[in-house]
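Those protein sequence lines, which keep their order, are chains A and B.
Per our numbering: the first sequence = residues 1 to 617.
Per our numbering: the second sequence = residues 618 to 1234.
Cβ atoms here follow ideal geometry from the backbone N, Cα and C, with glycine treated the same way.
There are 2 protein chains.
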Amino acid sequence: MSRGTCRVTFQPEGRTVFVLRGTKLIEAAGQAGIILNQPCGGEGTCGKCRVEVTDDAPQPTSADRVHLTEGQLTDGWRLACQLEIASDMVVSVPQETRFFEQVVLTEGKALRHPFRPNVRKKLVTLAEPTVADQRSDVDRLQAALGEDGLEVELPLIRALPAIVRSGGPEVTAVLQGETIQWVEAGDTTGQLWGVAFDIGTTTIVGALMNLPPPPQADLQKVASRTNPQVHFGDDVVSRISYIEQNANGLEKMRERLLTCLNDIMAELCSAAGIEHDSIYEATAVGNTTMSHIFLGVDPSPIAHAPYVAVLRGSVDARACDIGLHINRHANLHVLPNIAGFVGSDTVALILASGMACGEEVQLGIDIGTNGEVVIGNRDRLIACSCAAGPAFEGARIQHGMRATEGAISKVVVNQEVEVAVIGGGKASGICGSGIIDAVAELLDAGIIDPTGRITNPEDAGDVPEPLRRAIVTFEDQPAVVLVDAAQTRTGGPVLLSQRDVREVQLAKAAIRAGTEVIAAEYGVAPEEISRVLLAGGFGNFIRRSHAKRVGLLPDISTDRIDFIGNAAATGAKTALICRDSRQEAERISRETQYVELAARPDFQAAYMEAMMFPPRA
Amino acid sequence: MSRGTCRVTFQPEGRTVFVLRGTKLIEAAGQAGIILNQPCGGEGTCGKCRVEVTDDAPQPTSADRVHLTEGQLTDGWRLACQLEIASDMVVSVPQETRFFEQVVLTEGKALRHPFRPNVRKKLVTLAEPTVADQRSDVDRLQAALGEDGLEVELPLIRALPAIVRSGGPEVTAVLQGETIQWVEAGDTTGQLWGVAFDIGTTTIVGALMNLPPPPQADLQKVASRTNPQVHFGDDVVSRISYIEQNANGLEKMRERLLTCLNDIMAELCSAAGIEHDSIYEATAVGNTTMSHIFLGVDPSPIAHAPYVAVLRGSVDARACDIGLHINRHANLHVLPNIAGFVGSDTVALILASGMACGEEVQLGIDIGTNGEVVIGNRDRLIACSCAAGPAFEGARIQHGMRATEGAISKVVVNQEVEVAVIGGGKASGICGSGIIDAVAELLDAGIIDPTGRITNPEDAGDVPEPLRRAIVTFEDQPAVVLVDAAQTRTGGPVLLSQRDVREVQLAKAAIRAGTEVIAAEYGVAPEEISRVLLAGGFGNFIRRSHAKRVGLLPDISTDRIDFIGNAAATGAKTALICRDSRQEAERISRETQYVELAARPDFQAAYMEAMMFPPRA
């Protein structure tokens, strides 16, 4: 299998992925979690996805020649959407080519989210007190800061006389919103970091960002962990059950989560070579249940009709009171939710993607352990939650696994089954994008029929021989061998079982039916949607045509489907670096209409219909 | 001595004082801490000081007949400023006759401080969550309250699901400023109390007030204690020395204070028959050092040139974090200071007296352990602190004591020395007003000369014999026996010594010189001042003519001198019952100009001059 696999390394991250020969470079970047700008949808007409191939760049395409100068071509610059990978390569991706960096980080443009962190530092020289100037310490500090109405709280007041009398007249004030968070002796303006968390049901991601002025925020370090609460159940409902059925269940769940967040923080600090004390603010997004647990708020009402949350709005609290090991005066900002099953991760998606700003009607789909779908534009937004289950994260799939090393992330079915494995070695199992690939390709090969049934081996007479041999019987039902036992790490084959196909049908039907219902509520046909934004770890790997093939997405031109990566995490980072975005998030939270699918008579019909696969084209 | 003493009881307080026969009733009320309205200055021309003598009312005066109806006269109503006490009596004082109640508490007038407490309760019915109304618990609560922008903090969010699911749909929200402080199941609107503290260097007063709507705040209970910090020194400078010289000195000092405040609170709760939990807000005033210690802020910088405070502005904190045993969600509001030696007690005086509102230029003098003087009107205010020392509180006086039972509070010198004793029994010592009386009367009798020297017994030939016998030698200096050993509780005489007179000279000179300096700074001659407002426990007892006689006050018509009682405590109560007054206090704190007397070349000259007593009229 590795004969057809190429190794692609992206700089400056140094992140490597293994892809099938012929894969577009822009897709490989997506697999590496690097989302490139492609306003033209990969047509080669906008020239925005330029990258530098650092050695042995392939021949330029005609689109390359239109958008790049002779010198650039010589230096190895190419358009990532046009480059079909034919060999191992190392690619350097500049900031301006990156989707979110372009949206949130680049300077010098009319940005929606200018670099203006909520937490900032200001070096001031305090006036020496004299008999002619007997202003109090606090008054002198406030005057030196030259901003009206900055609040000072008691812990700082208590510490202030020692701080201002310990060194020279120079002190560094840490400002957080309209509050003087703390004052440090001397000039500490160089040490100012923030951390943004995306607390998923299954995966937790932390990003450490450097926040000092002048505006030069760089995403510095990212780390992730499996949410240790998976021990208590795969999905939010089983987590809530645990809380309801166990004494101190909420506190136990919360402690596990905090331990994980602090582990991530320790890794980030160590990678950046900084102290925990240098982190002055944290932001967090998550689904509503995760946010409740994180904040120590009982999420139980979410699990029972009528499924209400305790809390919708954003929360600011002292990070140390919550249990985060960062600067003890640091603030924690948890973004607002929309409803019990549409959390701040969806608010963050809307915020980061700009869905709530433009005129065009876009569809955002975040596929994680649950699926959230949102449709709309700046005038109106509608969201729903689809009980898709964790199939696309590899759970409840016979050989399913998360999209980590050893997972089959891509499947091609021609005369035989070919796969690409994350990390390039032997396969251990299959992740969500691999499952979609497998189902789509097997549909096209006629091995899965539109009802989802896998052809019995004895009925597969017209199937090419190598492929026919892959059809086996597993637990009294047909199944397809994707990788045989000799080529796996486990010693057994990696199969796609009949039950796996049913799981995929249930999951994709839930998302598709949710999409149909909210599109109808919004008053557009799914085909009239300007763009589909696919978010979530899963979205990075999926093949757009295959997502349509299995019916997960409506029948919309492929060039109108964008991968936007981990938009939830990007939203958390946006809140960290742009304080005004918090009001925008609050507005999104308040104004997005939530549709409870369970209460919609049209949902069941749409769900049943979406269960089938579209017929072969 | 008790032959000439009458017992007067004031209702509804049930407070009793003993006064010399012939004392005006309005003055006796002042001794009882009940300050009556007297816009005309006691001339009998305004009719505002009416009280009801409940039995055996004396014959009406001509002023009574002008201002009161025949029916009122028959019922025993009299003008307190005209009534000379001739026998024991019981007097009932209606709300509208009370100075501060008229200013801050009465309804139905254009009040400066309308009844609008910062803490309030609102009974609401929460909408039942349904699939059609999936608003979060917090959203439903906020909507039911119908006020925009009320904040909810994390501890309440954590408690909310249990509270709203524990009883019926009715809950009582406790609102504090713009925050929802807490939510209680059911209707608890009837239980809403607040406590206002005046933390003096020597005396601490607490007032418990009932705050439920409709506007019917009554001053319910008052309790006071000696500040237990007196153990560490008489004045603020010695308290600060203790803090500087002892490990954990600040914390020790603070603990003593908190114990005292909580003792007062326990007494108040027990007297009102309520639980500590029913107190939802506390306000406090004090001099700047006391406020710093109370809040756990190191006051040391105040004691050293250039005498700056750490904190000028107001502070809001959770009362339980500070250590007050009231409702655990209650707020504590500490009013703002002006400078290191002019604290929130002076801000409270300005606030309560209305000095900062009118056009007329008034002089406020608060005599406690220290003396603060403030002059001005709504356009401009100037304040200073006079290092008067605690002589007027009875400290550093040979037989000095506080104005409690057994203290000589009044002295009359004719053929002999006559005194009135607080409580009516035998004398134990002499308090501030008695000392002023003694000095003033002995000046008029020629026994003290304008330089402050007490006539030697052998030079007192022209003095009436019984009086001459009162002049003795004590520690090689002349002294005057006020009460001889047979008539005291101690078995020894109560004396006014030469050193006592010197202490009075130093104290009154400091206050008078401060007055002169800030009046000059303001640009008025002291005689041009519209009104003098005398505040502090001491102010309640002093005879106005005698305060002028010793030179404590400038030579201003007696009817322009008002007693305003414990104005600091009244300011603390005002902040409790009128949230808008807190902004006014902040403005007073910011805009009042502070004059550092130590830095003024004109102060020393004024001080030397004020040391002498005015010559006999």
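Residue 753(B) has a beta carbon lying within less than 8 Å of a beta carbon in chain A. Shortest Cα-Cα distance from residue 583(A) to any of 336(A), 32(A), 568(A) and 497(A) involves 336(A).
Positions of the beta strand (DSSP E) runs, each at least 3 residues long and wholly inside the segment 664 to 694 of chain B, are given as 667 to 670 in order along the chain. Counted as a single uninterrupted DSSP element, the stretch harbouring residue 277(A) is not any alpha helix (DSSP H), since DSSP gives it neither H nor E.
Secondary structure of residue 579(A) (DSSP, three-state): coil. With respect to chain B, the C-beta atom of residue 19(A) has no partner C-beta closer than 8 Å.
Taking 8 Å as the CB threshold, residue 775(B) lines the interface with chain A.
At least one CB atom of chain A sits nearer than 8 Å to the CB of residue 934(B). Nearest neighbour of residue 1146(B) by Cα position, chosen from 904(B), 993(B), 691(B) and 1224(B), turns out to be 993(B).
In the displayed model, residue 639(B) falls within coil according to three-state DSSP, outside both helix and strand. The shortest CA-to-CA distance from residue 15(A) to any of 21(A), 534(A), 211(A) and 35(A) is the one to 35(A). Pairing residue 1069(B) with residue 1047(B) gives a Cβ-Cβ distance that is not under 8 Å. The Cβ-Cβ distance between residue 343(A) and residue 288(A) falls below 8 Å.
Of all residues in the segment 757 to 776 of chain B, only 771, 774 and 775 place a beta-carbon less than 7 Å from a beta-carbon of chain A.
Distance from the CA of residue 738(B) to the CA of residue 767(B), rounded to the nearest whole angstrom, comes to 13 Å. Note: residue 633(B) is bridge-paired with 626(B) in the DSSP secondary-structure output. By alpha-carbon distance to residue 81(A), the top candidate from 60(A), 88(A), 87(A) and 613(A) is 60(A). Residue 669(B) sits close to residue 708(B), with the two beta carbons spaced by under 8 Å. With a cutoff of 8 Å on beta-carbon distance, residue 1076(B) and residue 1233(B) are scored as not near each other. In the displayed model, residue 846(B) falls within a helix according to three-state DSSP. If you look at residue 1095(B), you'll find it isn't in any alpha helix (DSSP H); it sits in the beta strand (DSSP E) that goes 1094 to 1100. Here residue 822(B) is buried: its Cβ has 16 or more other Cβ atoms, across all protein chains shown, within 10 Å.
With a beta-carbon spacing of about 6 Å, residue 171(A) and residue 126(A) fall inside the 8 Å limit used to define contacts. In this structure residue 21(A) is exposed. Its beta-carbon is surrounded by fewer than 16 other beta-carbon atoms within 10 angstroms. Neighbours of residue 130(A) across chain B, judged by C-beta separation under 8 Å: 923. With fewer than 16 other Cβ atoms inside 10 Å of its own Cβ, residue 379(A) counts as exposed.
Exclusion of the five residues before and after residue 4(A) leaves 20, 21 and 418 as the residues of its chain whose Cβ lies within less than 7 Å of its Cβ. Residue 695(B) sits buried, since 16 or more C-beta atoms from the chains shown fall within 10 Å of its C-beta. Here the segment 1123 to 1137 of chain B lies against the segment 1166 to 1184 of chain B, with 3 or more beta-carbon pairs under 8 Å apart.
Within the segment 304 to 337 of chain A, the complete alpha helix (DSSP H) runs of at least 4 residues fall at 319 to 322. In this structure, the beta-carbon distance from residue 911(B) to residue 901(B) falls below 8 Å.
Residue contact check for residue 166(A) against chain B: no CB pair falls below 8 Å.
Closest in alpha carbon position to residue 1091(B), among 1082(B), 1084(B), 1085(B) and 1112(B), is 1112(B). Counting along the chain, no beta strand (DSSP E) covers residue 609(A); the unbroken alpha helix (DSSP H) around it starts and ends at 601 to 611.
Annotation: the continuous alpha helix (DSSP H) that includes residue 348(A) extends over 344 to 353.
DSSP places residue 528(A) in the helix class (H, G or I) of the three-state scheme.
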